[in-house]
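Reading through the structure tokens given below for one structure.
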Amino acid sequence: MDEVFCQFPFNRLLFTKFKMADLIITIDGPAGSGKSTAARLLARQLGASFLDTGAMYRAVTLAAMQAGVDMSDEDKLLGIMETSEFQFSITDDMMAVCINGTDVTGQIRSPQVTANARYIASCPKAREKLVEMQRQFAAGRQKIVTEGRDQGTVAFKDADIKFYLMADPTERARRRQAELRARGGDQSLEKIRKAIEDRDKSDQNRTVGPLRPAEDAVIIDTTDLSIDGVVEKLLSCVKEKCFEKN
Ligand code: DC
Numbered sequence: 001m002d003e004v005f006c007q008f009p010f011n012r013l014l015f016t017k018f019k020m021a022d023l024i025i026t027i028d029g030p031a032g033s034g035k036s037t038a039a040r041l042l043a044r045q046l047g048a049s050f051l052d053t054g055a056m057y058r059a060v061t062l063a064a065m066q067a068g069v070d071m072s073d074e075d076k077l078l079g080i081m082e083t084s085e086f087q088f089s090i091t092d093d094m095m096a097v098c099i100n101g102t103d104v105t106g107q108i109r110s111p112q113v114t115a116n117a118r119y120i121a122s123c124p125k126a127r128e129k130l131v132e133m134q135r136q137f138a139a140g141r142q143k144i145v146t147e148g149r150d151q152g153t154v155a156f157k158d159a160d161i162k163f164y165l166m167a168d169p170t171e172r173a174r175r176r177q178a179e180l181r182a183r184g185g186d187q188s189l190e191k192i193r194k195a196i197e198d199r200d201k202s203d204q205n206r207t208v209g210p211l212r213p214a215e216d217a218v219i220i221d222t223t224d225l226s227i228d229g230v231v232e233k234l235l236s237c238v239k240e241k242c243f244e245k246n
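Residues in the sequence shown are numbered consecutively from 1, following the numbering used here.
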């Protein structure tokens with residue numbers, strides 16, 4: 001049975017003061033740094049809930065695209081958040097997403113959605129709402145691993161353990177190309193690298209929730225690491241930090 005953890009429009013949500021999870025681990029980093037897979041595997045190892053916040057930005061982007069709204073019009077984007085029905089649920093460690101009752105889990109990963117997500121990502125009011133939902137997700141859960149761009153810097157400033165993953169842009173482009181090929185698509189490495197560098201710029205330079213490591217984040221360069229190697233490093237940091245705390 002899928003666990004539906006949140007849905008909006010917000011006016012249908014009951015806001016209450018909530019208690020945060022006992023263990024919050026944030027993993028931030030640029031596209032292709034390996035954070036999504038690593039976060040999912042780490043959550044599995046720790047028996048924690050996993051939150052992919054990028055899926056939320058992607059879902060609102062897709063709904064706006066489907067409605068044909070001008071992506072640079074903030075009021076229109078906020079209107080979409082109010083009038084479409086979004087549902088996020090966890091299945092097999094994956095975030096499944098429905099818009100107005102239709103499963104769009106695969107569609108939110110399309111290159112068009114990826115390219116347009118920067119509009120919603122730089123809309124302050126939309127970010128505020130999404131951060132609120134992310135905190136709500138953490139409420140009542142014992143342990144969570146959450147990944148995105150601003151999880152350690154904005155959404156969970158008091159997180160117990162913060163990671164920031166990075167990798168060389170060419171290596172990140174190689175990883176994206178392999179993912180794309182696995183889904184039957186293809187693009188030149190050069191084109192993918194250029195798109196990644198454009199996204200880095202947009203993520204790092206927006207005024208709200210910009211991509212940057214939290215001051216207290218453990219920074220890990222994943223360029224020469226396998227995914228198992230990344231998870232091993234994360235786990236050993238978690239064990240060390242939990243040992244220090246106790
Ligand atoms: O991690 P991702 O590629 O699925 O993210 C999709 C988009 O959402 C990307 O443009 C960055 C943005 N994003 C964000 O601004 N803040 C987050 N916490 C997560 C994603």
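Where a beta carbon is used, it is the ideal one built from N, C-alpha and C, also for glycine. The structure displayed is predicted, hence computed values, not measured ones.
Item to check | Asp103 classed as buried or exposed, judged by whether at least 16 other C-beta atoms fall within 10 angstroms | outcome: exposed
Checklist entry - If Lys143 sits next to Asp28, beta carbons under 8 Å apart, how far is it from one beta carbon to the other, in whole angstroms? => result Actually they do not touch by this definition, with Cβ atoms about 18 Å apart.
Checklist entry - What are the partner residues of Asp70, as DSSP defines its beta bridges? => result Answer by DSSP bridge pairing: none, since Asp70 is not bridged.
Item to check | When Thr114, Asp70 and Val60 are compared against Cys98, the one with the closest alpha-carbon | outcome: Val60
Checklist entry - In terms of DSSP beta bridges, what is Arg162 paired with? => result A small fix is needed here, since residue 162 is Lys in this sequence, not Arg. DSSP, once it has assigned bridges, lists Thr26 as partnering Lys162.
Checklist entry - Roughly how many whole angstroms lie between the Cα atoms of Lys233 and Asp203? => result 25 Å
Checklist entry - For Gly106, which option in Lys241, Ser122, Gly184 and Gln134 has the closest C-alpha, if you only look at C-alpha atoms? => result Gly184
Item to check | Per-residue burial, Asp228 [other beta carbons within 10 Å of its own, 16 or more giving buried] | outcome: exposed
Item to check | Sequence-distant residues of the same chain with beta carbon closer than 6 Å to Val145, five excluded per side | outcome: Ile25, Ala39, Leu42, Ala43, Ala48 and Phe50
Item to check | CA-to-CA distance, Asp75 to Ser36, given in whole angstroms | outcome: 30 Å
Checklist entry - Would you report the Cα separation of Gln137 and Asp160, rounded to the nearest angstrom? => result For the sequence presented, residue 137 should be read as Phe rather than Gln. Taking the straight line joining both Cα atoms gives about 16 Å.
Checklist entry - Under the criterion of a Cβ to heavy atom distance below 7 Å, does Tyr57 qualify as lining the ligand DC? => result yes
Item to check | Where Asp52 sits in the DSSP three-state scheme | outcome: strand
Checklist entry - Quick one: what does DSSP say Gly148 is sitting in, helix, strand or coil? => result strand
Item to check | heavy atom of the ligand MN below 7 Å from Asp198 C-beta | outcome: Within the structure as shown, the ligand MN is missing, the only ligands being the ligand DC.
Checklist entry - Identify the residues that DSSP records as bridge partners of Ala96: which are they? => result Ser89
Checklist entry - Rounded C-beta distance between Cys123 and Leu62? I'm assuming under 8 Å. => result Not a contact, Cβ separation roughly 15 Å.
Item to check | Ala173 versus Gly32 - alpha carbon distance | outcome: 7 Å
Checklist entry - Hey, Asn116 and Met65 are a contact pair by Cβ (cut 8 Å); roughly how many whole angstroms apart? => result 6 Å
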